[in-house]
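4 protein chains.
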Amino acid sequence: MSGNSFGTLFCVTSFGESHGPAYGGVVDGCPPGLELAAADIQRELDRRKPGTSRHVTQRRESDRVEILSGVHEGRTTGTAIGFLIRNEDQRSKDYSAIVDKFRPGHADYTYLQKYGVRDARGGGRASARETVVRVAAGAIAKKWLAARYAVRVCGYLAQLGPLRIAFKSWDSVGENTFFAPDPSAVPELEAFMDRLRESGDSCGARVNVIAQGMPVGWGEPVYGRLDADIAAAMMSINAVKGVEIGAGFASVEQKGSEHGDEMTPEGFLSNNNGGILGGISSGQDVTVSIALKPTSSIRLPRRTVNAKGEAVTIETTGRHDPCVGIRATPIAEAMLACVLIDHALRHRAQNADVEPPMRPIAGARKPLGDR
Amino acid sequence: MSGNSFGTLFCVTSFGESHGPAYGGVVDGCPPGLELAAADIQRELDRRKPGTSRHVTQRRESDRVEILSGVHEGRTTGTAIGFLIRNEDQRSKDYSAIVDKFRPGHADYTYLQKYGVRDARGGGRASARETVVRVAAGAIAKKWLAARYAVRVCGYLAQLGPLRIAFKSWDSVGENTFFAPDPSAVPELEAFMDRLRESGDSCGARVNVIAQGMPVGWGEPVYGRLDADIAAAMMSINAVKGVEIGAGFASVEQKGSEHGDEMTPEGFLSNNNGGILGGISSGQDVTVSIALKPTSSIRLPRRTVNAKGEAVTIETTGRHDPCVGIRATPIAEAMLACVLIDHALRHRAQNADVEPPMRPIAGARKPLGDR
Amino acid sequence: MSGNSFGTLFCVTSFGESHGPAYGGVVDGCPPGLELAAADIQRELDRRKPGTSRHVTQRRESDRVEILSGVHEGRTTGTAIGFLIRNEDQRSKDYSAIVDKFRPGHADYTYLQKYGVRDARGGGRASARETVVRVAAGAIAKKWLAARYAVRVCGYLAQLGPLRIAFKSWDSVGENTFFAPDPSAVPELEAFMDRLRESGDSCGARVNVIAQGMPVGWGEPVYGRLDADIAAAMMSINAVKGVEIGAGFASVEQKGSEHGDEMTPEGFLSNNNGGILGGISSGQDVTVSIALKPTSSIRLPRRTVNAKGEAVTIETTGRHDPCVGIRATPIAEAMLACVLIDHALRHRAQNADVEPPMRPIAGARKPLGDR
Amino acid sequence: MSGNSFGTLFCVTSFGESHGPAYGGVVDGCPPGLELAAADIQRELDRRKPGTSRHVTQRRESDRVEILSGVHEGRTTGTAIGFLIRNEDQRSKDYSAIVDKFRPGHADYTYLQKYGVRDARGGGRASARETVVRVAAGAIAKKWLAARYAVRVCGYLAQLGPLRIAFKSWDSVGENTFFAPDPSAVPELEAFMDRLRESGDSCGARVNVIAQGMPVGWGEPVYGRLDADIAAAMMSINAVKGVEIGAGFASVEQKGSEHGDEMTPEGFLSNNNGGILGGISSGQDVTVSIALKPTSSIRLPRRTVNAKGEAVTIETTGRHDPCVGIRATPIAEAMLACVLIDHALRHRAQNADVEPPMRPIAGARKPLGDR
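Residue numbers (our numbering), protein chains in the order written: chain A, 13 to 383; chain B, 13 to 383; chain C, 13 to 383; chain D, 13 to 383.
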């Protein structure tokens, strides 16, 4: 299996470039009998779509998905689900000014040196636009997880640059284009983004993703751990530089008497472990937090070299998100959902005959920390 | 490939339990012709061995490795390298008091519910002792990386509980049992550990790992990214709850004009990206930081349930590391080395015929931030 | 990796159904810099296209391929190559008469029982039309093997039902629609097929495939053997029931003194091993022979059951090949080429630094037996 | 996954060389709760053991297996099962006469050229002795298949050199060291082998393997077909040059009206498809037939070259099986069992929620043809 596929049993394969004719993907291993229509995928694609506000890229893409196989009379057949999303707004000319320079923090230098080929238009394969495929695959995963196990995957923007956003409610997440869980924070976020855009700079973000309603037992020792696969899935998202499960880096300063989640017949008393113990889901909410770096394509002038290795200055004027983290929530959800369905299938493959000896212990009431 | 193997071309398979007769592993895909003796592996095993100081578990294990195949007349043959490490000090009786209770923060609850089977002795497969296999495999990876590409993988303890340890020199790392990069910090670390042990509690830690001398081009878009595989490898280590590459979570508050590493003909000016751009190595040092949670087996009484689901109190009195992070440095190095050799092989498989168009840009002088 | 992908480094993923909108595929891991145009793929697709003579299915498909990614300015970029082939002539009504019956020898019974879903139109995913994807992927593999290693993969029809076809020349293979290596045999083949079609029955075939110009060393012990991967690739083609390498089943009656290919400084004296020793290519021609069963969809009435399990009679009147073997030559070539490029990449990943100690021994002059 | 592992969910990894200290393996993914003792594995190892008659190699190996992990209190735990079989009778001196020559038909030439290393002693990794690992893994697979699905895997010697052996009864297979299904054939087989041994030559064989009691639905379209994985598994056995499923190469001369297995409410009327339709098990017996070439190490003088490429003569006088096919029956059974358990797990992973719409159709009464 090469680098454009992931998953053992629920296997996602992706292709496409930002300025080519289309992106597409194949979801292999989806259980049969799941009700599935293009609209199920479209709903998720619309959540990550460009152009939903002035704070994201103004590239115009309707991101219409076409299902090409694996669905018959409204249900999955168990065979490979192929789908396609045509690119509509590829303005290659936007890139003419930077075609022989390397953007600091961007992959164009490493791609060129690795492959000996440069497709400068929109970053080619390294474009964040590739995440349409993840979101489409994740839509299928989410639907099955909900239908079969009542597992729900959802996320939100936890921090925008220096601005931390308190968690108020899931409802508010869907009501603003930032995926912010606190409606009262939105004006401040908008003001911040307006200043940022004006300055020609970009900023980072933190996104939290949660899986609720988890059964006990998904995950495998010792390298195929659920948390290991989540970490890979998250780190494979463009711009992600850090992944935490549960208490994450806060564990460093915790004592064992504080970190280890106590159990009572009524349930766990905390969720520092983020719903995973020994690489296996504990039945508590799986809680994941990721760090996204600031966009590397910015208008501010920066020192770099050109293809001849000479010192030059670069200013990137294409249509870029000043904060890729704003649209990252549905992407992170999709990746988590894909990992979970894969482990759900792997778990029942091996352990379909196991009767769990105990009644499951309920999750802690307050799954999220203050992060 | 099931959960006890990892790697695409340099593939490591692990078996063994803490209280069974032995641990062992198979390294498949190692290039032939590498000089290799048991002593090469032993040196690394001795670095993670228990009992090296009063601050780690007092279990007595000589951790002698026996190479069973894949080496002929002192060189690897290209076939599978099998090796064995016998357990010597398995005191199952230590566990009699906890055999029907679940340790908060430990995997015994999830293993039981997943597999319907409980092997309470030493945590069975979930024991941190499994990391001998990783260290043995990593020793082979390290040796090849150094011999073939002059890549050197090394790590250190960056934080012990609340105590941050400044990076002074690589030399000092090898001179104390904490893997601390500052010899002057050791007395404080020792005092802290003495108090911790006395209190019956445990603590977390942060470990940093670096790969120096990296070529450009290792890694693959888009799911098989070098950073994605590193994240999985690190998160698969027992007790790890967070992984950062480069600036990691600090990226959240950075501006693009600060984060994106500028390039000049003389080299990169910073290394916020941690040596990886677009999932592909940039030739700068690869810098990784991990958070390890405090050990879950502690002497302090904690609330939990027993196998009948009844409320009970547990105190764990076995021989446990009060801070698993202390011995984690060689383990994290091993995992990084295994990922790097795998990607080195994958890269040359596809791109052996590519002549990188440019002279590589040198790494930044100061690869590590202040973390 | 689920069932619709194959290959470790050169990885092919396939989707599509006979009566859906399109077939498509993704080739991941192709080396960069290879000159590639849609015409390169089209040429191979045209060789397997339906409707080239009265002896194959009369379904009208132009089988136009569209490359969607992975190629820039006429060269592969090293990223995933996505491609699409739209279906044009899906007449679902052809299947109305058999929609609730099972064709003897066909997969519709097993698909229904496995997935609980029936897509009777054209056999859904089990249609032989899926092989367009294989041929497209194989075209890329063939081009690289020829360009990089001067390896040439070619095949021919060795037997049609009871009629054995002597090997005369490679030139004649391309000059008739049977891929027969003897032009003088064609009239007899045509007469046989005319009688067969008239009778409403179908027949089996044998196809031979050869790789010429092979280097020594491709393949891996012990499960990842070159011959094992070839066997899987061939047996995965619809209708294939047997695979032979070299002398194949004739080895059963050979003596060791006859079978083992003697070596001299001038070269091997025979090629009973079919170019593979211990799972590794010997530098002789790789010779593979496959058995294809007769098409299961025939006009003659046959006993079967319907979806209620009742005894019924079935006659299949759709547009089916009376001998799938006739169009199988380009498909078998494609599968062999895909396996070879995968092993070429795997070999150089591990052994790029090996200098073969000896000058290669030349292949036998007469690679093919009398089969 | 590199070449010394196979299987997606039930994954077998093998290591060891003929003249090293031991062979061993890891079985990963076995369901928990299966009763398993070393004796279960030993029984199968004893069936393939050398020295059981004068017709096989006289190397003395007790082939004692030690289980090192994955079993607790007599049951599998769901974690990796490691096992070891020490070599006892490694006479390296036997090989001194051939150490710089290449045996015609043997892998020593290809290994040397691939890896640049030669371990002439016993063929190193290419030794047929590696099959102990397969048989050990297969013993676990067989036990689970029988316990969970009442599937039974069994085989027999169908042809020894020119001597075809009619199938009389399964009982007789276990009562002679040839695994011959007809006791009356044994004296002729013995006489043939005595003459062969005396002549210094070797011979080929055909072995048939059957899986009885199969459920419908194991296998996957289109590359992960059950028959494709069986073909790979069989072809990966040393000396195998051909694999057939069901009618195999006889399909070439069959008509569709003859080959396609008719169905009635009482059951299938024949089994030309060998229990697999469209890559998915049909519920009929899975029937597989393999061709094994004659042993390449023979006493008769043969032309070859030495490591300098010079023309020499070779006579191999070590302790070799004059017909490797005689001991191949338990090996082929093991490989089939490993493929079946893997697909059983893969099937229920994806399709655990499918209720097969029809009552299964019974298998044909006479599963085996006259071969």
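The beta carbon of each residue, even a glycine, is placed where N, CA and C say it ideally should be.
All of these numbers come straight from a predicted model, not from anything done at the bench.
Strictly under 9 Å for the Cβ-Cβ distance: is residue i near chain D by that measure?
i	result
Phe190(C)	no
Met246(C)	yes
Arg358(A)	yes
Val298(C)	no
Pro368(C)	yes
Ala374(A)	no
Please classify residue i as buried or exposed, where buried requires at least 16 other C-beta atoms within 10 Å of its C-beta.
i	result
Ser17(B)	buried
Asp382(D)	Low per-residue confidence applies at Asp382(D): pLDDT is 44, beneath 50, and the placement is therefore not dependable enough to give any value.
Asp297(D)	buried
Gln266(A)	buried
Lys253(D)	buried
Val83(A)	buried
Lys320(D)	exposed
Who does residue i pair with in a DSSP beta bridge?
i	result
Phe190(D)	Bridge partners of Phe190(D): none, in fact.
Lys113(B)	Asn318(B)
Arg360(C)	Per DSSP, none; premise fails for Arg360(C).
Thr88(D)	Val83(D)
Glu78(C)	Leu96(C)
Gln224(D)	Arg164(D)
Met275(A)	Phe280(A)
Asp40(A)	Cys23(A)
At the 9 Å Cβ level, is residue i part of the contact set with chain B, yes or no?
i	result
Ala262(C)	no
Arg72(D)	no
Pro277(A)	yes
Within 9 Å of any Cβ in chain C, is that where the Cβ of residue i sits?
i	result
Thr20(B)	yes
Asp382(B)	Confidence is the limiting factor: at Asp382(B) the pLDDT is only 45, short of 50, which leaves the residue's position unreliable and the question unanswerable from this model.
Ala349(B)	no
Val24(D)	yes
Cys393(D)	Given that chain D is displayed from residue 13 to residue 383, the structure contains no residue 393(D) and the question cannot be resolved.
Ser214(D)	yes
Thr316(D)	yes
Pro193(B)	no
If you measure from the beta carbon of residue i to each beta carbon in chain G, is any gap under 9 Å?
i	result
Arg76(A)	Looking for chain G here will not work: the only protein chains present are A, B, C and D.
Flag residue i as yes when its Cβ comes closer than 8 Å to any non-hydrogen atom of the ligand SAM, and as no otherwise.
i	result
Gly173(C)	The model on display carries no ligand, and the ligand SAM is accordingly not part of it.
Of all Cβ atoms in chain A, is any one closer than 9 Å to the Cβ of residue i?
i	result
Glu200(C)	no
Ser139(C)	no
* Asked: Quick one: any contact between the segment 47 to 57 of chain A and the segment 28 to 36 of chain C, if contact means 3 or more CB pairs under 8 Å?
  -> no
* **Runs of alpha helix (DSSP H) lying entirely within the segment 131 to 184 of chain B, each at least 4 residues, in chain order** => 143 to 161
* Asked: Enumerated in chain order, which unbroken segments of the beta strand (DSSP E) with a length of 3 residues or greater are wholly contained in the segment 303 to 355 of chain B?
  -> 314 to 317 and 323 to 326
* Mind the definition here: the segment 110 to 120 of chain B touches the segment 263 to 275 of chain A only if three or more C-beta pairs lie below 8 Å; say whether that holds. => yes
* Asked: Using 8 Å as the Cβ pair cut-off and three pairs as the minimum, do the segment 160 to 179 of chain A and the segment 318 to 326 of chain A touch?
  -> no
* Asked: On the three-pair Cβ rule with 8 Å, is the segment 214 to 228 of chain A touching the segment 72 to 83 of chain D?
  -> no
* For the segment 337 to 352 of chain B against the segment 256 to 268 of chain B, are there 3 or more C-beta pairs whose distance is under 8 Å? -> no
* Does the pairing of the segment 38 to 46 of chain C with the segment 358 to 375 of chain B give three or more beta-carbon distances under 8 Å? -> yes
* **the segment 118 to 131 of chain C contacting the segment 149 to 166 of chain C, beta-carbon criterion three pairs below 8 Å** => no
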